[in-house]
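Written below as structure tokens is the structure these notes are about.
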Amino acid sequence: AVVVAVVVVVVAVVGVVVVVVEMPILAASVCTKGGKVLLSRQFVEMKRSRIESLLSVFPKLVTVGQQHTYVETESVRYVYQPLETLVLLLVTNLSSNIIEDLETLRLLSGFLRDRCMPLDERTVAQNALDIVLGFDEVISLGYRENVTLDQVVSILEAKSQEAELHEQNEMWQQMKAHGLMMKNAERIDQLKQENPHFMTGISSSDPRRPRASGSSPANASGPTRTSATGISRKATRRDHLCQLRSREAQ
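FYI, the numbering for the sequence shown is 1 to 250, going by my numbering.
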């Protein structure tokens, strides 16, 4: 029993360690040197207030002329690289591998320079979607993928071509539907010219007008008339009653 309990505890502890190791990178962000956040991609479930708090602390930790490329707090590590007027930043766990984080940072910085020329706030805003997609190709579930810069660029170009083909297909479908609608409209105009009464309405006396169920042309314009057969039957019934009454009286 004691051995089983020890095994359960060890498995539980190992499970916690694995979770921490598999998700070392919490977020990748692009900020100005003044601390303004241009974009941020989180790789773990995190509230917006939490990431905003983490990013707002970073400028206060960096001092002018500092040679290190990372700073730490009690809970996270900031690995960063200055890029002209901007800063590329990784927010990681304290247990992450700093060497791998620096390699990831260099790959992301190369991707940023490839997408944004020149690299400034305007170009980052214009290419924000491509930057986020590139970050997702480099980092998955908080862990770096084994890819190169050329591979990331090729993947994004392929996705861009697929999106362009999809957009062209949708445009072609819209043009096709519009052409069919115009053709039908021309056909209706032609029929109107050939027949002035085409689609001008149906009068009440027109035999094409639908009638209520149970009605017939004979009784549609007036009350129902009693047939001669019905009258004769009533007279016969009345005579029979009179004969019965006379017999009772005798």
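No residue lacks a Cβ here, since even glycine has one placed at the ideal position from N, Cα and C.
Just so you know, these numbers come straight off a predicted model, no measurement behind them.
Please report the distance separating the alpha-carbon of residue i from that of residue j.
i, j, result
"Glu74", "Met171", "54 Å"
"Cys116", "Val124", "6 Å"
"Asp150", "Thr85", "25 Å"
"Gln42", "Met175", "40 Å"
"Pro24", "Leu107", "17 Å"
"Glu186", "Glu157", "43 Å"
"Leu191", "Met181", "16 Å"
If you check the beta carbons only, do residue i and residue j fall under 8 Å apart?
i, j, result
"Asn93", "Leu26", "yes"
"Val79", "Leu55", "no"
Within the same chain, show all residues whose beta-carbon is closer than 8 Å to that of residue i, passing over the 5 residues directly before and after it, in chain order.
i, result
"Ser109", "Gln81, Leu83, Leu88"
"Val76", "Leu26, Leu54, Val91, Thr92, Asn93, Leu94"
Would you mind reading off the limits of the alpha helix (DSSP H) that contains residue i?
i, result
"Pro59", "48 to 61"
"Leu105", "98 to 115"
"Val138", "128 to 138"
Leaving out five residues before and five after residue i in sequence, what residues of the same chain have Cβ atoms less than 6 Å from its Cβ?
i, result
"Leu311", "Examination of residue 311 is not possible in this model, given that the chain is present from 1 through 250 alone."
"Asn97", "none"
"Val132", "Arg41"
Hey, quick one: how far does the beta strand (DSSP E) through residue i stretch, first residue to last?
i, result
"Leu38", "37 to 42"
"Asn93", "86 to 93"
Within a Cβ cutoff of 7 Å, which residues of the same chain sit near residue i, ignoring the five residues on either side of it in sequence?
i, result
"Arg113", "Leu119"
"Thr63", "none"
"Val37", "Ser29, Cys31, Leu55"
"Pro217", "Below a pLDDT of 50, predicted positions are generally treated as unreliable, and Pro217, at 49, falls in that range; the measurement from the model is reported next regardless. Excluding sequence neighbours, Pro217 sits near nothing in its chain."
Pull the bridge partners of residue i from the DSSP assignment, please.
i, result
"Pro253", "Past the edges of the chain, shown from 1 to 250, lies residue 253, and the structure says nothing about it."
"Thr262", "No answer is possible for residue 262: it lies beyond the span of the chain, which begins at 1 and ends at 250."
"Val76", "Asn93"
"Ala125", "Answer is none; Ala125 lacks a bridge partner."
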